[in-house]
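One structure below.
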Amino acid sequence: MSLAFRNVGHSYGGHRVLSGVSLEARPGEILCLLGPSGSGKTTLLRLAAGLEALQEGSIDLGDVRLAAPGRDVPPEKRSFGMVFQDHALFPHLNVAENIAFGLAGRPKGEIQNIVASRLKAVGLAGFESRYPHTLSGGQQQRVALARALAPSPAAMLLDEPFASVDVTRRR
Numbered sequence: 003m004s005l006a007f008r009n010v011g012h013s014y015g016g017h018r019v020l021s022g023v024s025l026e027a028r029p030g031e032i033l034c035l036l037g038p039s040g041s042g043k044t045t046l047l048r049l050a051a052g053l054e055a056l057q058e059g060s061i062d063l064g065d066v067r068l069a070a071p072g073r074d075v076p077p078e079k080r081s082f083g084m085v086f087q088d089h090a091l092f093p094h095l096n097v098a099e100n101i102a103f104g105l106a107g108r109p110k111g112e113i114q115n116i117v118a119s120r121l122k123a124v125g126l127a128g129f130e131s132r133y134p135h136t137l138s139g140g141q142q143q144r145v146a147l148a149r150a151l152a153p154s155p156a157a158m159l160l161d162e163p164f165a166s167v168d169v170t171r172r173r
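What follows is the structure in structure tokens.
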């Protein structure tokens, strides 16, 4: 499914951060937003995720209109995984519980298999019982990525997803 932004505009108070943004990410494509700090990159992702109310334009996922002025599909119904700049891990939950958070309601065995699979994918097998404060910034970021991937979302929204990843992992 394509993720399409059509003529999106957004302001905070009197400060315009997005104006007439139109772009489309097709299935399998990786789209990168580049720009200086304060240019609206995070705002665009937050609008797509439903964490901000759209003021102008529209956002569609395939044939489904996710947002337009006065119409917002709730974030939990948008089927996006999101990794925030600050990772947004729950400090009172261990790594496995953080990853399993979005899987509530599934059978316990399925949750355990998904958690193990995602930890292996990000190179953190064996870290299940560790807590976020005991991990490096890069490890926390990989846990956040595993958590976002756990429910198999239709699309991933990554806000500076590799800023904390160790240099050797980036290669």
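Residue numbers (the numbering used here): 3 to 173.
No residue lacks a Cβ here, since even glycine has one placed at the ideal position from N, Cα and C.
If you're wondering where the values come from, they're calculated on a predicted model, not measured in any experiment.
Of L46, L68, P134, Q87, the smallest CA-CA separation from E99 is found for P134. At a Cβ-Cβ threshold of 7 Å, S60 and A70 count as neighbours. A direct Cα-Cα distance of roughly 30 Å separates L5 from V97. For L121, the three-state secondary structure derived from DSSP is helix. Within the region 71-145, the runs of alpha helix (DSSP H) that reach at least 4 residues and sit entirely inside it are, in chain order, 97-102, 110-123. The three-state secondary structure of L160, taken from DSSP, is strand. In this structure, the beta-carbon distance from H89 to Q142 falls below 7 Å.
If you look at R48, you'll find it in the alpha helix (DSSP H) that goes 43-51.
Leaving aside the five residues that flank R120 on each side, the residues in its chain whose CB is nearer than 7 Å to its CB run, in chain order, I101, A148, L151, A152. Under DSSP, S13 takes part in a beta bridge, and its partners are R18.
Remark: C-beta atoms of A156 and S81 approach each other more closely than 7 Å.
In this model, V145 and L36 are separated by some 24 Å (Cα to Cα). Rounded to the nearest whole angstrom, the C-alpha separation of L137 and A127 is 13 Å. Take I32, set aside five residues on each side of it, and no residue of its chain has a beta-carbon closer than 6 Å to its own.
Between G11 and E58, the gap from beta carbon to beta carbon is short of 7 Å.
In the three-state scheme derived from DSSP, where H, G and I count as helix and E and B as strand, R149 is classed as helix. For E130, the CB contacts under 6 Å within the same chain, skipping 5 residues up- and downstream, are V97, A98 in chain order. The beta carbons of M84 and L20 sit no closer together than 7 Å.
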